[in-house]
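Report on the following structure.
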Amino acid sequence: MDIDGASICIRPAEPKDIPPIMKALSQAAVMGNSAPAFYFRWVIQEGIAVVAEKYQVITGFLIAERNDAVAYAQLIYLFVDPPSRKQGLGSTLMKHFLEICQREGVKYIDLHAQKDAAKFYRPAKFNYNCLLGLPYYKE
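The sequence shown begins at 34 in my numbering and counts up one residue at a time.
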């Protein structure tokens, strides 16, 4: 994927990515932006965590908790740096996440989003407040 003529690399998150992820969240007005570093270390090991890099600088990331016992994942953070928004990076991160979920047998995905984000999640076949067992998001 290219943004502004620069190649974007999507890769699994690593422990070295925790400081820039935490910095991005602390600078953004997102709920839950005070998660400690040990939380991100746990998600990198046990959950689903991917980053997008441009010129070896993180421009976006997706963090999801996972429970394999019930084939469940909860999307916690989907972040794209403001200058990189509206160029398909968020959709690319989401597509990558859904591919990982499918490959690893996740059947149920939960996410909580602001109502104004609904149009972003609908193309990925998320439904608003549907029954348990189907992907959904809610306010």
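All C-beta atoms in this analysis are idealised placements derived from N, C-alpha and C, irrespective of residue type, glycine included. All figures in this text were calculated on a predicted structure; none of them were measured in a lab.
> Are the CB atoms of residue 106 and residue 94 nearer to each other than 8 angstroms?
Replying inline: Cβ distance not < 8 angstroms, so residue 106 and residue 94 don't count as in contact.
> Roughly how many angstroms lie between the CA atoms of residue 13 and residue 119, to the nearest whole one?
Replying inline: As displayed, the chain neither begins before 34 nor continues past 172, which places residue 13 out of reach and without an answer.
> So, are the CB atoms of residue 126 and residue 144 less than 8 angstroms apart?
Replying inline: Their beta carbons are not under 8 angstroms apart, which means residue 126 does not touch residue 144 by this criterion.
>> By the DSSP assignment, the alpha helix (DSSP H) with residue 152 in it spans what residues?
In response: 151-154
> What residues in its chain sit with their C-beta under 8 angstroms from that of residue 74, if we drop five residues either side in the sequence?
Replying inline: 48, 51
> If we count the other Cβ atoms within 10 Å of its Cβ and call it buried at 16 or more, is residue 88 buried or exposed?
Replying inline: Answer is exposed; the Cβ neighbour count stays below 16.
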